[in-house]
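Sequential numbering of the sequence shown, starting at 299, is according to the working numbering. Where a beta carbon is used, it is the ideal one built from N, C-alpha and C, also for glycine. Written below as structure tokens is the structure these notes are about.
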Amino acid sequence: MAVGYQFSLSLCKHTYLFYFCIIYLFIYLYLCCYCRKNKRISKGKKGGKKKAADPFAKKDWYDIKAPSIFEVRNIGKTLVTRTQGTKIASEGLKHRVFEVSLADLQKDGEDQAYRKIRFRAEDVQGRNVLVNFWGMDFTTDKLRSLVRKWQTLIEAHVDVKTTDNYTLRMFCIGFTKRRANQVKRTSYAQTSQIRQIRRKMKEIMINQASSCDLKELVMKFIPETIGREIMKATSGIYPLQNVFIRKVKILKAPKFDLGKLMEAFSQLEFVHGDYSEDVGVKMERPADETMVAEGETEVVGA
């Protein structure tokens with residue numbers, strides 16, 4: 299009886315151990331499968347939040363310098379990525395186009411705010427970007443304010459070539475006005491008169507542009523010299539008012555010449571130094587030191 303009781307007790311112990319091992323095995327297999335399906339739980343998120351990089355950390359500021367024909371020379375700043383490997387910062391700056399109001403280029407030019415001057419980056423000297431004239435335009439509000447009732451709008455455009463081989467397309471605009479002592483309210487020009495005025499506009503624009511270089515032509519745009527000449531020349535056909543060179547586009551530019559560009563910036567004083575490089579001066583060795591050096595050389599040779 300005692301032997302049977304001990305046998306059943308040992309069998310019961312083995313059964314409990316067997317069931318415990320099976321349960322432990324099931325738990326182990328379940329955890330292995332669960333972790334295998336959800337690797338990110340054990341390893342953490344693969345695409346976790348990365349530290350935001352500062353976009354300006356790898357960029358530098360450059361000063362934009364206008365030609366000497368304008369009173370304000372420092373017209374702004376521009377950003378560019380620093381030189382890395384074969385990517386040179388100065389090459390990324392060249393041929394960038396900047397648009398500036400003429401009021402910001404002249405010290406007392408608030409009345410010229412409707413003119414927009416475009417510049418193109420031609421060369422980089424240190425931290426200075428040298429720009430050249432690349433076009434002109436009017437603001438939309440100025441053009442719309444000129445158009446009124448009871449008058450005729452006359453426009454003309456022509457392609458011209460300056461003495462320094464710049465090919466430009468100039469757009470002129472003008473409006474008729476009432477003659478002196480005119481009672482009639484309207485001032486409409488006839489078609490034949492419009493053709494004559496348009497022909498005069500083209501002739502004057504060609505004569506003015508073909509007889510000067512780009513720098514001198516830009517100096518004519520600022521005080522509107524060409525517009526006043528057109529008004530004077532067409533007064534016998536029909537009196538005009540508000541005659542402007544409203545737009546200038548550069549169609550073709552000559553090959554880049556650093557010498558001509560430097561002439562436009564001859565009077566510019568730089569904050570970071572001038573354009574001229576520091577070239578070392580050749581120093582002559584004193585005669586005594588030369589004799590000593592020759593004597594030492596002879597002793598060594600002996």
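Measuring straight from C-alpha to C-alpha, what distance separates residue i and residue j?
i	j	result
I325	C319	10 Å
V456	D352	49 Å
R496	A419	35 Å
W432	N479	44 Å
M529	D402	28 Å
L538	V422	45 Å
I504	D511	13 Å
I502	K385	47 Å
I535	Q494	8 Å
Q488	T532	14 Å
G407	F354	34 Å
R442	K550	30 Å
R526	K558	30 Å
E561	A350	46 Å
Does the beta carbon of residue i sit closer than 9 Å to a beta carbon anywhere in chain B?
i	result
A411	The structure shown contains no chain B; it is built from a single protein chain.
Which residues does DSSP list as the beta-bridge partners of residue i?
i	result
M434	I415, V546
Q449	S485
C319	C319 pairs with nothing; no bridge assigned.
Can you look up residue i in the DSSP assignment and give me helix, strand or coil?
i	result
I386	coil
T376	strand
N479	coil
L307	Since pLDDT at L307 reaches only 43, below the 50 mark, its modelled position is unreliable, and no value is offered.
V429	strand
N540	strand
K357	strand
K392	coil
K363	strand
A454	strand
F368	coil
Would you mind giving the Cβ-Cβ distance between residue i and residue j, rounded to the nearest angstrom? I have them listed as a contact below 8 Å.
i	j	result
K363	L466	At roughly 23 Å, the Cβ-Cβ gap does not stay under 8 Å, so K363 and L466 are not in contact.
I415	K513	Contact flag wrong, Cβ pair sits at about 13 Å.
K405	V370	7 Å
F469	T450	Contact doesn't hold; Cβ gap of about 17 Å is too wide.
Y360	N426	7 Å
R483	W448	6 Å
Q506	I524	5 Å
Excluding the five sequence neighbours on either side, which residues of its own chain have a C-beta within less than 6 Å of the C-beta of residue i, listed in chain order?
i	result
I471	E453, F542, R544
I373	I362, A364, V398
Q491	I535, Y536
I411	One detail in the question is off: residue 411 reads as Ala in this sequence, not Ile. Within the same chain, A411 has close Cβ partners S399, A401.
Apart from the five residues just before and just after residue i, which ones in its own chain have a Cβ nearer than 8 Å to its Cβ?
i	result
K356	T379, R380, Q382
S508	V458, K459, T460, T461
K247	Because the chain spans 299 through 600 in this model, residue 247 falls outside it and cannot be assessed.
R394	T376, R418, A419, V427
Apart from the five residues just before and just after residue i, which ones in its own chain have a Cβ nearer than 7 Å to its Cβ?
i	result
A387	D358, V378, T379, R380, T381
M517	I367
K500	A454, V456
F563	K363, P365, S366, L428
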